[in-house]
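Residue numbers (the working numbering), protein chains in the order written: chain A, 2 to 335; chain B, 43 to 572.
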Amino acid sequence: MRAPFSWIRPEPWGIHVVPADAWIDPGRPVGRALVTHGHADHARGGHGQTVATPETLAIMKLRYATDSGATPVAYGETIALPGGVRATYVPAGHVLGSAQILLEHAGERVVVTGDYKRRADPTCPPFQVTPCDVFVTEATFGLPLFTHPPIGDEMAKLLGRLAAEPDRCVLVGAYALGKAQRVIAELRAAGHRAPIYLHGAMEKMCRLYEAFGVDLGELRLVSDATGDAMRGHIVICPPSALGDRWSRRLPDPVPAMASGWMRVRQRARQRNVELPLVISDHADWNELTGTIEEVNPTETWITHGREEALLRWCQLHQRRARALALVGYEDEDD
Amino acid sequence: MEELAALIDALVYTRGRNEKLRLIAEYLRRTPDPDRGWALAALTGGLDFPAVKSGTIRSMVMERIDPVLWTLSRDFVGDTAETASLLWPAPPTAPDPPGVTEAVDALAAMTRSSVQAELPALLDRLDPSGRYALLKLATGAMRVGVSARLAKTAFAQAFGVSLEDVEEYWHSISPPYLELFAWAAEEAPPPDTANMPTFRPFMLAHPFDDAVVDLADYVAEWKWDGIRVQMVHAGGETRVYSRSGDDISATFPELVPALGVPAVLDGELLVRGNHQGGEAGGAASFNALQQRLGRKTVSKPMLRDYPAFVRLYDILTLDGEDLRALPWSERRARLEALVGRLPASHFDLSAVVEAADFARLAEIRAGARDDAIEGLMLKRRDSPYLAGRRAGLWYKWKRDPLLVDCVLMYAQRGSGKRSSFYSDYTFGCWDGDPDHGAELLPVGKAYSGFTDEELRKIDHHVRSHTVNRFGPVRETDRSLVFEIAFDSVHPSKRHKSGLAMRFPRIHRIRWDKPAHEADRIAALKALIRD
Chain A
2 MRAPFSWIRP EPWGIHVVPA DAWIDPGRPV GRALVTHGHA DHARGGHGQT VATPETLAIM
62 KLRYATDSGA TPVAYGETIA LPGGVRATYV PAGHVLGSAQ ILLEHAGERV VVTGDYKRRA
122 DPTCPPFQVT PCDVFVTEAT FGLPLFTHPP IGDEMAKLLG RLAAEPDRCV LVGAYALGKA
182 QRVIAELRAA GHRAPIYLHG AMEKMCRLYE AFGVDLGELR LVSDATGDAM RGHIVICPPS
242 ALGDRWSRRL PDPVPAMASG WMRVRQRARQ RNVELPLVIS DHADWNELTG TIEEVNPTET
302 WITHGREEAL LRWCQLHQRR ARALALVGYE DEDD
Chain B
43 MEELAALIDA LVYTRGRNEK LRLIAEYLRR TPDPDRGWAL AALTGGLDFP AVKSGTIRSM
103 VMERIDPVLW TLSRDFVGDT AETASLLWPA PPTAPDPPGV TEAVDALAAM TRSSVQAELP
163 ALLDRLDPSG RYALLKLATG AMRVGVSARL AKTAFAQAFG VSLEDVEEYW HSISPPYLEL
223 FAWAAEEAPP PDTANMPTFR PFMLAHPFDD AVVDLADYVA EWKWDGIRVQ MVHAGGETRV
283 YSRSGDDISA TFPELVPALG VPAVLDGELL VRGNHQGGEA GGAASFNALQ QRLGRKTVSK
343 PMLRDYPAFV RLYDILTLDG EDLRALPWSE RRARLEALVG RLPASHFDLS AVVEAADFAR
403 LAEIRAGARD DAIEGLMLKR RDSPYLAGRR AGLWYKWKRD PLLVDCVLMY AQRGSGKRSS
463 FYSDYTFGCW DGDPDHGAEL LPVGKAYSGF TDEELRKIDH HVRSHTVNRF GPVRETDRSL
523 VFEIAFDSVH PSKRHKSGLA MRFPRIHRIR WDKPAHEADR IAALKALIRD
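In structure tokens:
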């Protein structure tokens with residue numbers, strides 16, 4: 002008899018589904034890739050075939066200007082892969098189009114979460130708990146000190162600062178895919194109707210979100226605006242542009258950043274952030290551990306992030322677990 | 043406690059000095075006594091709770107959280123108090139934060155045996171920001187980028203009083219400074235400092251820019267290269283204060299018993315050597331003095347190898363009499379008469395530099411062989427001793443700086459308004475002939491001496507000549523020459539070049555000069571006078 006789960010093998014550059022010769026989120030071009038979501042560390046270009054949700058495929062097309070080999074799978078849909086492997090794409094709640102992938106083979110069920118969160122997000126459907134034998138979980142915020150506050154608190158902080166400094170603008174550094182649109186959608190949900198100004202690098206992704214039915218309200222480009230017009234307004238840019246020359250055109254910006262890392266003061270100080278907003282598209286510590294309990298797998302495999310602490314937690318709770326040494330997944334800006 | 047926690051958080055994230063001043067001043071105005079006094083004490087490092095140490099916090103948390111998870115978290119955050127504030131398993135009840143005064147009283151009452159039960163009870167009542175503030179308050183290291191002087195400046199701003207007065211009263215009172223707030227906020231009489239060893243604000247000098255003064259009105263003295271100190275003896279106690287008003291008596295314990303006369307003296311603290319002011323009985327270079335600075339305890343070899351003394355400039359009070367309103371010439375006479383009563387081992391007099399006229403004085407300054415002397419002081423003979431910098435009374439006439447041509451090697455982004463500019467520069471000199479394979483070795487760093495317009499041009503140069511990036515630092519190709527001005531250069535083990543400059547700043551940007559014509563390490567070494 003085969004050893005359990007021997008058909009699925011973690012390798013340094015991705016997870017290999019051996020009978021189907023398919024790779025999950027591979028770090029280099031392969032013949033068949035199963036992609037969980039559109040972030041650059043998971044979705045790279047150049048594969049022969051790319052199996053992903055239609056949203057993720059659209060994001061990849063925007064990034065890599067090609068969709069050759071694209072194979073769309075809707076949420077809840079199952080496709081048959083070679084070698085008797087069935088793959089089902091389940092919402093992960095991380096960003097638009099993000100999916101967990103359920104793999105079934107020889108009576109065994111493996112769920113690869115990709116990146117995920119448990120909080121409500123107006124830009125994508127929520128994470129679905131899927132029973133399985135092996136649960137391959139991310140661990141980006143896998144330390145007990147990471148507990149994300151309710152997003153309403155962070156929105157109140159942002160809008161409060163904006164109102165307190167009407168002669169300045171608040172410049173929010175946010176990931177161009179996912180975080181930026183979620184912050185905008187949450188601002189709209191909090192009743193903020195004013196135009197929001199965008200760094201040029203964000204425009205196309207926001208338009209793509211709108212094309213998939215996410216309402217972002219009135220968006221304007223910084224490049225079309227005068228400095229004075231942006232006083233008292235929110236401007237959104239990629240984190241790398243926060244202290245960049247680009248920001249010199251803005252009216253005395255309050256540098257803010259929307260990221261789970263903002264929980265730690267020195268992290269915020271290192272980035273010269275004056276208004277830290279603890280907003281993350283990843284599960285926090287309690288959600289990571291709570292999800293493992295809810296899914297209740299036979300084995301938990303832990304990938305990118307702070308594997309050590311989550312592994313320790315599994316040991317303390319008598320859960321079988323192992324850390325996978327996958328390379329290239331790091332989320333410094335989330 | 044919530045208001046103080048909010049202030050501490052705001053200070054952590056605020057870069058600008060003025061904004062920090064505004065935040066602290068606002069807090070001090072709207073917060074009642076004695077809470078605001080305890081907060082001011084926390085910001086000025088005036089609180090000490092011996093029962094609470096970093097190790098106490100660690101063991102307290104490890105009783106509640108798996109030690110491995112604690113260690114992993116602590117390593118990630120890099121700060122014990124912050125890690126504990128984030129990891130503390132709060133009870134499900136709503137926070138019921140103690141007031142600042144309640145918290146301070148509780149911390150002060152804790153003993154080594156009671157702290158393990160009493161501190162957790164306080165933490166249980168706070169949210170994460172409150173826990174952070176409490177633990178920082180308890181352990182003393184605030185890490186909010188606010189010096190004691192900045193906090194005092196904020197106090198002065200909050201109530202529209204002068205910083206000099208605040209400093210004068212500061213050392214006569216203790217937390218929560220009720221008399222100080224009563225005086226500043228409610229116009230009560232100031233605290234009585236008559237028989238206390240308190241600090242008096244220094245009189246400072248303006249830079250002298252190439253004017254001419256009449257030596258009938260002004261007297262000249264050497265500007266010694268040590269640290270300016272004030273020695274105070276009152277009520278049987280002696281203290282040594284630094285220029286910022288910090289009590290540094292513990293760093294220079296040999297000076298404390300040396301002054302037994304009730305007086306306040308102004309002078310330059312130096313260590314014995316043969317550089318400044320003669321072969322015997324002279325002073326060593328600033329580099330030697332640096333061995334003694336910033337130490338909380340001093341070893342016997344330190345005291346033997348680098349004995350400190352004070353070269354006296356002025357006298358502020360004597361035997362209870364305030365002399366500050368007298369003209370300089372009368373104070374000088376009193377000082378000269380006093381020096382004989384002080385031990386020569388620890389005090390001497392800063393001599394007046396005699397010159398027939400101003401032209402002759404300029405010659406003396408230009409020809410001063412003693413490289414460690416910083417320059418000349420010019421003081422009006424009739425000047426009273428006034429706090430701070432007053433126009434027309436005292437001038438510092440620094441020696442012309444030394445100049446050397448260096449090549450830009452690395453640039454780092456600034457902070458605040460400069461955060462989008464590469465404004466901090468590391469530069470080097472050649473370790474041999476650059477046309478025959480010599481390399482540049484870093485010799486110093488500078489971030490001043492240029493205009494905003496020049497900053498924009500250098501920033502552009504850095505961006506278009508980058509060869510390597512290390513986080514916020516860019517390495518540039520070796521193409522831009524800075525003419526660097528500096529006060530002196532010393533041997534240093536810390537730098538690969540073996541050299542350390544004092545006060546390097548950019549004097550001119552030599553866009554015209556080819557990098558291979560910049561100076562060599564050997565030329566810089568020849569300027570060492572240690």
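Where is the CB? At the ideal position from N, CA and C, for every residue including glycine.
Any C-beta of chain B under 8 Å from that of residue i
i                      : result
residue 2 of chain A   : Residue placement at residue 2 of chain A is poorly supported in this model, since its pLDDT is 49, which falls under 50; the coordinates still yield a value, given next. No - not a single Cβ of chain B is within 8 Å of the one on residue 2 of chain A.
residue 294 of chain A : no
residue 287 of chain A : no
residue 260 of chain A : no
residue 219 of chain A : no
residue 224 of chain A : no
residue 82 of chain A  : no
residue 188 of chain A : no
residue 310 of chain A : yes
Any chain A beta carbon closer than 8 Å to residue i
i                      : result
residue 342 of chain B : no
residue 107 of chain B : yes
Counted within 10 angstroms of its Cβ, other Cβ atoms place residue i as buried (16 or more) or exposed
i                      : result
residue 486 of chain B : buried
residue 183 of chain A : buried
residue 459 of chain B : exposed
residue 561 of chain B : buried
residue 317 of chain A : exposed
residue 212 of chain B : buried
residue 67 of chain A  : exposed
Proximal chain B residues relative to residue i, where beta-carbon distance stays under 7 Å
i                      : result
residue 245 of chain A : 462
residue 241 of chain A : What residue 241 of chain A touches in chain B: nothing, since even the nearest Cβ is about 12 Å away.
Contact list for residue i against chain A, beta-carbon separation under 8 Å
i                      : result
residue 120 of chain B : 267
residue 56 of chain B  : 275
Per-residue contacts from residue i into chain B (C-beta, under 8 Å)
i                      : result
residue 146 of chain A : 115, 118, 119, 125, 128 and 129
residue 160 of chain A : By Cβ distance, chain B contributes nothing, its closest Cβ being about 17 Å from residue 160 of chain A, past 8 Å.
residue 264 of chain A : 128
residue 270 of chain A : 54 and 55
residue 317 of chain A : 108
Proximity winner among the options, relative to residue i (alpha-carbon distances)
i                      : options                       : result
residue 91 of chain B  : B/47, B/111, B/150 and B/76   : B/150
residue 26 of chain B  : B/533, B/457, B/567 and B/241 : Chain B is shown only over 43 to 572; residue 26 of chain B falls outside these bounds and no answer can be derived.
residue 135 of chain B : B/397, B/167, B/143 and B/266 : B/167
residue 311 of chain A : A/297, A/17, A/147 and A/143  : A/143
residue 444 of chain B : B/499, B/341 and B/569        : B/569
residue 156 of chain A : A/189, A/148, A/128 and A/147 : A/189
residue 295 of chain A : A/129, A/84, A/105 and A/10   : A/129
residue 293 of chain A : A/40, A/208 and A/139         : A/139
residue 548 of chain B : B/522, B/515 and B/489        : B/489
Separation of residue j from residue i, as counted between CA atoms
i                      : j                      : result
residue 270 of chain A : residue 188 of chain B : 14 Å
residue 77 of chain A  : residue 89 of chain A  : 6 Å
residue 51 of chain B  : residue 65 of chain B  : 11 Å
residue 117 of chain A : residue 72 of chain B  : 45 Å
residue 309 of chain A : residue 191 of chain A : 37 Å
residue 110 of chain B : residue 313 of chain A : 8 Å
residue 163 of chain B : residue 273 of chain A : 35 Å
residue 251 of chain A : residue 172 of chain A : 9 Å
residue 333 of chain B : residue 393 of chain B : 26 Å
residue 160 of chain A : residue 190 of chain B : 33 Å
residue 494 of chain B : residue 461 of chain B : 13 Å
residue 192 of chain B : residue 480 of chain B : 46 Å
Chain A contact residues for residue i, given Cβ-Cβ distances below 7 Å
i                      : result
residue 455 of chain B : 244
residue 110 of chain B : 313
Cross-chain neighbours of residue i in chain B, by beta carbon under 9 Å
i                      : result
residue 248 of chain A : 461 and 462
residue 139 of chain A : Here the premise fails: no neighbours, minimum Cβ distance about 17 Å.
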